[in-house]
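What follows is a single structure, written as C-alpha cells, with notes after it.
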Amino acid sequence: MGRGRVDGEGPMGAAGRRHYLMCPPTFYTVAYEINPWMHADQATDTALAVRQWQRLREVYRDLGHTVETIDPLPGLPDMVYAANGALVVDGVVYSAKFRHPQRQPEGPAYQAWFDDRGYRTHTAQHVNEGEGDILVAGRTVLAGTGFRTTRAAHDELRALLTATSGADAPEVVGLELVDPRYYHLDTALTVLRDDEIAYHPDAFSPATQALLADRYPDAVEVGADDAAVLGLNAVSDGQHVVMTPAATRFADQLRERGYTPVPVATSELLKGGGGAKCCTLEIRPAP
30 MGRGRVDGEG
40 PMGAAGRRHY
50 LMCPPTFYTV
60 AYEINPWMHA
70 DQATDTALAV
80 RQWQRLREVY
90 RDLGHTVETI
100 DPLPGLPDMV
110 YAANGALVVD
120 GVVYSAKFRH
130 PQRQPEGPAY
140 QAWFDDRGYR
150 THTAQHVNEG
160 EGDILVAGRT
170 VLAGTGFRTT
180 RAAHDELRAL
190 LTATSGADAP
200 EVVGLELVDP
210 RYYHLDTALT
220 VLRDDEIAYH
230 PDAFSPATQA
240 LLADRYPDAV
250 EVGADDAAVL
260 GLNAVSDGQH
270 VVMTPAATRF
280 ADQLRERGYT
290 PVPVATSELL
300 KGGGGAKCCT
310 LEIRPAP
C-alpha cells in the first residue's frame, strides 16, 4: 500500500475545519451491478470521473479542509467511494466489511492505510459499509440497515465506542432503509450540523420516519425529485454543503436555513451509485 498525500489547505470559510480521505478513480468503471444505479452495459468515461473527482477535492481545499488520498488498487473500481471504506469516530477506525464479494478487498485496503499511519483500528466482525451507512451527528451515530449494514454491526459498533469512550460514548441509533435506490444511509440522509439533518422520508420504514421526526422535528425534508438524483449524498462542514447541482429545490431549502450550497458535478460517478459524500470519508480525531 503506497502512502497517501496531504494536499495543501486553502483559505478558511466560516465553518469548522474538516479532515477527509479520498481515493482517485484511476480504475473507475462499472463492471458489475450491485445497486440499482449500476448498469454494466452503460459506457463509463474514466477520464471524466477523474476530472470530476479532482474538482471535488479542489473544492474541499478551497473551503479550508485537509484532504489526504489513498492509492487506488487495480480491480477495485468502487474504491473511489471512500466513505464506504471505514468509519472514524473519536479517533478509532471501525473497518468496513463489505456485503458483496466484488468490494470485499476494499475493507482491508482502507484499514491498512490507517494502520500504516498509527491509527487505532478495529477489524469488524459483522457486515457494515463504513460511513456509507454510519453517519455521525455530534454525539449521535446514525446507523443505517436494510440493504448492506447489519443490525449486528450496530451492536458491535456500540460496544466498541463504549469500550473506547466510556460514559461519553456516542449513542448509536439504528435507522431502517426500505427503498433499494437508497441502499446506503448517506444516499437518503445528510448530516448538516451536529443537531440538524436533511433526509428523504420515503427512503425509510414508517417506524424510522417516526423516530427521525421525533428526534429532528426541524429537519429538512427533501422531496422525491432531489433524492432521485442523490441530492442527499452531500457533505456539510456546518455552513457549506457540497452537493450535486441537479438537486435544485434542496439547494433552495438549504439557503433558506442559512447554508451555502456548493454545487459540484459528479454525474459520471453517479453511474456507480455515488456522489460527493460517497467519495469522502471524514477522519474525526479523539475528543
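Residue numbers (my numbering): 30 to 316.
Every residue, glycine too, gets a C-beta built ideally from N, C-alpha and C.
Where residue i sits in the DSSP three-state scheme
i: residue 56; result: coil
i: residue 50; result: strand
i: residue 39; result: For residue 39, the predicted structure reports a pLDDT of 36, less than 50, and the residue's modelled location is therefore unreliable. The matter cannot be settled from this model.
i: residue 130; result: helix
i: residue 33; result: Caution applies to residue 33, whose pLDDT of 40 falls short of 50 and renders its modelled position unreliable; the value that the coordinates give is listed next. Coil, per DSSP.
i: residue 293; result: coil
i: residue 88; result: helix
i: residue 222; result: strand
i: residue 155; result: coil
i: residue 234; result: coil
Same chain only: Cβ atoms within 8 Å of residue i, ignoring 5 sequence neighbours per side
i: residue 101; result: 52, 53, 54, 55, 56, 108 and 109
i: residue 233; result: 204, 205, 206, 207, 217 and 241
Other residues of its chain near residue i: CB distance less than 7 Å, five sequence neighbours each side excluded
i: residue 58; result: 73, 75 and 106
i: residue 134; result: 105
i: residue 309; result: 49, 51, 111, 112 and 264
i: residue 131; result: 61 and 63
Cβ shell of residue i (< 6 Å), same chain only, five flanking positions each side left out
i: residue 36; result: With a pLDDT of only 42 at residue 36, under the threshold of 50, the placement of this residue in the model should not be trusted, and no figure is reported.
i: residue 314; result: 120
i: residue 62; result: 69
i: residue 149; result: 121
i: residue 237; result: 204 and 205
i: residue 253; result: none
Whether residue i touches residue j by CB criterion (8 Å)
i: residue 297; j: residue 71; result: no
i: residue 163; j: residue 204; result: no
i: residue 283; j: residue 274; result: no
i: residue 249; j: residue 276; result: no
i: residue 295; j: residue 304; result: yes
i: residue 255; j: residue 278; result: yes
i: residue 152; j: residue 199; result: no
i: residue 224; j: residue 267; result: no
i: residue 288; j: residue 270; result: yes
i: residue 171; j: residue 123; result: no
i: residue 220; j: residue 88; result: no
Beta-bridge pairing of residue i - partner residues as DSSP gives them
i: residue 95; result: 48
i: residue 213; result: For residue 213, which the question treats as bridged, DSSP gives no partner whatsoever.
i: residue 173; result: 204
i: residue 250; result: 228
i: residue 102; result: In DSSP, residue 102 forms no bridge with anything.
i: residue 163; result: 172
i: residue 116; result: 123
i: residue 64; result: Answer is none; residue 64 lacks a bridge partner.
i: residue 311; result: 49
For residue j and residue i, believed in contact at Cβ under 8 Å, the rounded distance
i: residue 186; j: residue 201; result: 6 Å
i: residue 165; j: residue 118; result: 5 Å
i: residue 161; j: residue 215; result: 5 Å
i: residue 213; j: residue 158; result: 6 Å
i: residue 128; j: residue 93; result: Contact flag wrong, Cβ pair sits at about 35 Å.
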